[in-house]
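K.L.:
Numbering (my numbering), first residue to last: 1045 to 1672.
Backbone N, C-alpha and C define an ideal beta-carbon position, used for all residues, glycine too.
Keep in mind it's a predicted model, so treat the numbers as computed, not measured.
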């Protein structure tokens, strides 16, 4: 009998334990799962810069490459370095367009079933020598309603090209020609119509062709004597082809151009954008105001300190106030080259505290740049020509940023630095870990968008939330005096991401390369003109600090849209909806919102815009498409 009761007791305890275990699991107490009380808080920003708190778990789970309702096939050459690089950039662009993608070598096209894809992209110049089967099969797919983007200049126009060139809208071909200027006749991307750009950086070659009248030319290229179509679309049968007549599109800065070419394949297309204008001032505040220069003495009869106090900072504040822009100033404590924590010293410069507090009082943001300007890399991480001292260990890097945080806490009590910009845009993996350890409030790291032509640990980013939850938010452009090449770079990014991300330095005037030998008045007028043009062409952009932009990036990245394109409507829904989501909509029709679930505004109403900004306010929405 005693054994019987003992069994009952054990059975009772086992049942209670099982019930308790189930309760704990369902209550999210096990396995590190976040509960409402400990989940990370994310700000869903709206156009009025008001915030609402949304809770989300630690994992960032949205799979962009599977989220799109369209699917692309990229044909490339694995043994061609340029083609491989282009294929990578195309996948990045397609990810942000919410188009799924797969890649196949040209030499394996005979095994491909094209009708399984909504579009096919040729990302190799070697069609004549590598394509496994006749290209006519690909264009038969286009005739039946498929979409083909011939995305790079072929290096030969042999039998393959000759068999299909008429389906590209080409009437006549008389060889190749070079060019170094662009003219955008139509709106490939928002704000592009009427844009004329010329720069040595555009030097390229293309086919000298004559097109059918029915071809839609988005851009032309020229050299002062000859003009050729650069980007055009042509409807063939039930489908459509787009051709890019050059090779420059393979580069990072052309991702937006590639995205515009993909969008041109479809009558109607939508994709989420971040919708942010971010302005960074690197090395601000910093100790540089104690310097001497004949430039300010000659131009303004002032010392450098007096120039910054009386002219530079008031001018920069007036520019921000004119448009409601927000600066993120990147604090650097000293310009010594010490990399041994035992030797760290700090003698307070006279103006750092003043400028930092002025920045904060004006409603701007303070981020971290470094204890000094020695990039957080180990030996070999920066080019020898930069004369930077390498750090001995990650621990030393961490100590340097903790020193900066201590100084900032003394100067600016209560201010938490949530953003970090690497000095000279160099940051190693060890350095990134050091930044996270030293700055517990870190939300965002901002390096640069491309490292083409650079060596070492250049911190190159795409716009994304990393797996560890840190926002990767690169700067696209820099300086007070942008060239046409730089202008195309930031306009291309605006077309893909809906972001203008730009940085300057307080000492641009004194730097031979950045100042270009110009006076401050000329530099400031150029900067003001650039910012004014951005606000005029993209009036919807929200002026955000970089930490606010990180929240906006999260909302955009997590949004997983499902879009059903019909002749007279787009039916949409958004999973992982954390607040209003912004979309670019491209259409020749007149889009109309049917209720308050979304609102629509033309981006450039004065130029018969193809592009609209759609603000989605609810997870399910409908857009009616009326004939113009």
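Excluding five sequence neighbours on each side, which residues of the same chain lie with their C-beta closer than 8 Å to the C-beta of residue 1394?
P.N.:
As a first step, residue 1394 is located in the chain shown; it is residue number 350 there, counting from the start. 1333, 1334 and 1349.
K.L.:
Which full runs of the alpha helix (DSSP H) of 4+ residues lie inside the region 1259–1337, going along the chain?
P.N.:
For the region 1259–1337, whole alpha helix (DSSP H) runs of length 4 or above, ordered along the chain, are 1299–1307.
K.L.:
Buried or exposed, going by whether 16 or more other CB atoms sit within 10 Å of the CB of residue 1664?
P.N.:
Here the question's residue 1664 lines up with position 620 in the chain shown. Label assigned to residue 1664: exposed.
K.L.:
Only counting runs of 4 or more residues, tell me where the alpha helix (DSSP H) segments fall wholly within the region 1504–1551, in order along the chain.
P.N.:
1528–1541, all fully within the region 1504–1551.
K.L.:
Is residue 1416 buried or exposed, if buried means 16 or more other CB atoms sit within 10 Å of its CB?
P.N.:
Taking the first residue of the chain shown as 1, we reach residue 1416 at position 372. Per the 10 Å Cβ criterion, buried.
K.L.:
Give the DSSP-derived three-state secondary structure of residue 1660 in the structure shown.
P.N.:
Against the chain shown, residue 1660 aligns to sequence position 616. In this structure, residue 1660 counts as strand in the three-state DSSP scheme.
K.L.:
Report, in whole angstroms, the separation of the C-beta atoms of residue 1211 and residue 1126, which I expect to be a contact under 8 Å.
P.N.:
Position 167 of the chain shown, counted from the first residue, corresponds to residue 1211. Position 82 of the chain shown, counted from the first residue, corresponds to residue 1126. The Cβ separation is near 26 Å, so there is no contact.
K.L.:
Can you tell me whether residue 1316 is buried or exposed? The criterion is at least 16 other CB atoms within 10 Å of its CB, across all chains shown.
P.N.:
As a working note, residue 1316 is residue 272 in the chain shown. Classification for residue 1316: buried.
K.L.:
Buried or exposed: which applies to residue 1268, given that a residue is buried once 16 or more other Cβ atoms fall within 10 Å of its Cβ?
P.N.:
Against the chain shown, residue 1268 aligns to sequence position 224. Exposed, because fewer than 16 other Cβ atoms sit within 10 Å of the Cβ of residue 1268.
K.L.:
When the distance is taken between beta carbons, is residue 1191 closer than 9 Å to residue 1283?
P.N.:
Locating residue 1283 in the chain shown gives position 239, where the first residue counts as 1. Locating residue 1191 in the chain shown gives position 147, where the first residue counts as 1. Yes, Cβ-Cβ distance for residue 1283 and residue 1191 is below 9 Å.
K.L.:
Alpha carbon to alpha carbon, how far is residue 1307 from residue 1157? Give it in angstroms, no decimals.
P.N.:
Numbered from its first residue, the chain shown carries residue 1157 at position 113. Numbered from its first residue, the chain shown carries residue 1307 at position 263. Roughly 22 Å separates the two Cα atoms.
K.L.:
If you follow the beta strand (DSSP E) that residue 1607 is in, where does it begin and where does it stop?
P.N.:
Here residue 1607 refers to the residue found at position 563 of the chain shown. Segment 1604–1609, the beta strand (DSSP E) holding residue 1607.
K.L.:
Determine contact between the region 1230–1247 and the region 1193–1204, defined as no fewer than three beta-carbon pairs at a distance below 8 Å.
P.N.:
Verdict: no, contact absent.
K.L.:
Which runs of the beta strand (DSSP E) spanning at least 3 residues fall entirely within the region 1378–1466, listed in chain order?
P.N.:
You should have 1409–1414.
K.L.:
Would residue 1673 pass as a contact of residue 1290 if the rule is Cβ separation under 9 Å?
P.N.:
Missing from the structure shown is residue 1673; the chain here goes from 1045 to 1672 and no further.
K.L.:
If the criterion is Cβ atoms closer than 9 Å, does the pair residue 1262 and residue 1274 meet it?
P.N.:
In the chain shown, residue 1262 corresponds to position 218, counting from 1. In the chain shown, residue 1274 corresponds to position 230, counting from 1. Contact: yes.
K.L.:
Are there three or more Cβ pairs, one per stretch, closer than 8 Å when the region 1392–1408 is compared with the region 1425–1444?
P.N.:
No contact exists between the region 1392–1408 and the region 1425–1444.
K.L.:
Can you tell me the Cβ-Cβ gap for residue 1379 and residue 1403, rounded? I've got them flagged as a contact below 8 Å.
P.N.:
Taking the chain shown and counting its residues from 1, the one referred to as residue 1379 is at position 335. Taking the chain shown and counting its residues from 1, the one referred to as residue 1403 is at position 359. Not really, about 19 Å apart at Cβ, beyond 8 Å.
K.L.:
Could you compute how far the alpha carbon of residue 1561 sits from the alpha carbon of residue 1553?
P.N.:
Stepping through the chain shown from its first residue, residue 1561 is reached at position 517. Stepping through the chain shown from its first residue, residue 1553 is reached at position 509. Rounded to the nearest angstrom, the two C-alpha atoms are 8 Å apart.
K.L.:
Would a C-beta distance cut-off of 9 Å place residue 1327 and residue 1413 closer than the cut-off?
P.N.:
For the purposes of this step, residue 1327 is taken as residue 283 along the chain shown, with counting starting at 1. For the purposes of this step, residue 1413 is taken as residue 369 along the chain shown, with counting starting at 1. Yes. Within cutoff.
K.L.:
Measure the Cβ-Cβ separation of residue 1466 and residue 1491 and say whether it is below 9 Å.
P.N.:
Your numbering for residue 1466 matches position 422 in the chain shown. Your numbering for residue 1491 matches position 447 in the chain shown. Yes, these two residues count as a Cβ contact at 9 Å.
K.L.:
If you count every other CB in all the chains shown that lies within 10 Å of the CB of residue 1430, and 16 or more means buried, which is it?
P.N.:
Here residue 1430 corresponds to residue number 386 of the chain shown, with the count starting at 1. The residue in question, residue 1430, is exposed, as its Cβ has fewer than 16 Cβ neighbours within 10 Å.
K.L.:
Quick one: grab the DSSP three-state call for residue 1553.
P.N.:
Along the chain shown, read from residue 1 onward, the residue named residue 1553 stands at position 509. If DSSP states are grouped into helix, strand and coil, residue 1553 belongs with the helices.
K.L.:
Enumerate in chain order the residues of its own chain whose CB-to-CB distance from residue 1678 is below 6 Å, with the five nearest sequence positions on each side excluded.
P.N.:
Here the chain has residues from 1045 to 1672 only, and residue 1678 is not among them.
K.L.:
In terms of residue numbering, what span does the alpha helix (DSSP H) encompassing residue 1129 cover?
P.N.:
Here residue 1129 corresponds to residue number 85 of the chain shown, with the count starting at 1. Unbroken alpha helix (DSSP H) run through residue 1129: 1125–1140.
K.L.:
Where are the beta strand (DSSP E) runs, 3 residues long or more, that stay fully inside the region 1159–1202, in chain order?
P.N.:
Taking only runs of at least 3 residues, the beta strand (DSSP E) segments lying wholly in the region 1159–1202 are 1163–1166 and 1191–1194.
K.L.:
Might you give, ordered along the chain, the residues of its own chain that have their beta carbon closer than 8 Å to the beta carbon of residue 1336, omitting 5 neighbours on each side?
P.N.:
Against the chain shown, residue 1336 aligns to sequence position 292. These residues qualify, in order along the chain: 1347 and 1348.
K.L.:
Quick check on this structure: which residue in 1616, 1324 and 1360 has the alpha carbon closest to the alpha carbon of residue 1564?
P.N.:
Taking the first residue of the chain shown as 1, we reach residue 1564 at position 520. For residue 1564, the nearest C-alpha among the options comes from 1360.
K.L.:
So for residue 1668, helix, strand or coil by DSSP?
P.N.:
In the chain shown, the residue the question calls residue 1668 occupies position 624. Strand.
K.L.:
Which term fits residue 1518, buried or exposed, when burial requires 16 or more other beta carbons within 10 angstroms of its beta carbon?
P.N.:
As a first step, residue 1518 is located in the chain shown; it is residue number 474 there, counting from the start. Classification for residue 1518: buried.
K.L.:
Could you tell me the alpha carbon to alpha carbon distance between residue 1375 and residue 1119, rounded to whole angstroms?
P.N.:
Residue numbering aside, residue 1375 sits at position 331 when the chain shown is read from its first letter. Residue numbering aside, residue 1119 sits at position 75 when the chain shown is read from its first letter. Rounded to the nearest angstrom, the two C-alpha atoms are 46 Å apart.
K.L.:
Under three-state DSSP, which class holds residue 1256?
P.N.:
Taking the first residue of the chain shown as 1, we reach residue 1256 at position 212. Coil at residue 1256, not helix or strand.
K.L.:
Answer with buried or exposed for residue 1515, where buried requires no fewer than 16 other C-beta atoms within 10 angstroms of its C-beta.
P.N.:
As a position in the chain shown, residue 1515 is number 471, starting the count at 1. Looking at its Cβ environment, which holds 16 or more other Cβ atoms inside 10 Å, residue 1515 is buried.
K.L.:
Can you tell me which of the three DSSP states residue 1345 falls into?
P.N.:
Counting from one through the chain shown, the residue named residue 1345 turns up at place 301. Three-state result, residue 1345: coil.
K.L.:
Does DSSP classify residue 1635 as helix, strand or coil?
P.N.:
To locate residue 1635, count along the chain shown from 1; it is residue 591. Note: residue 1635 maps to strand in three-state DSSP.
K.L.:
Based on the DSSP secondary-structure assignment, which residues constitute the bridge partners of residue 1619?
P.N.:
Position 575 of the chain shown holds residue 1619. According to DSSP, which records beta bridges pairwise, residue 1619 is partnered with 1604.
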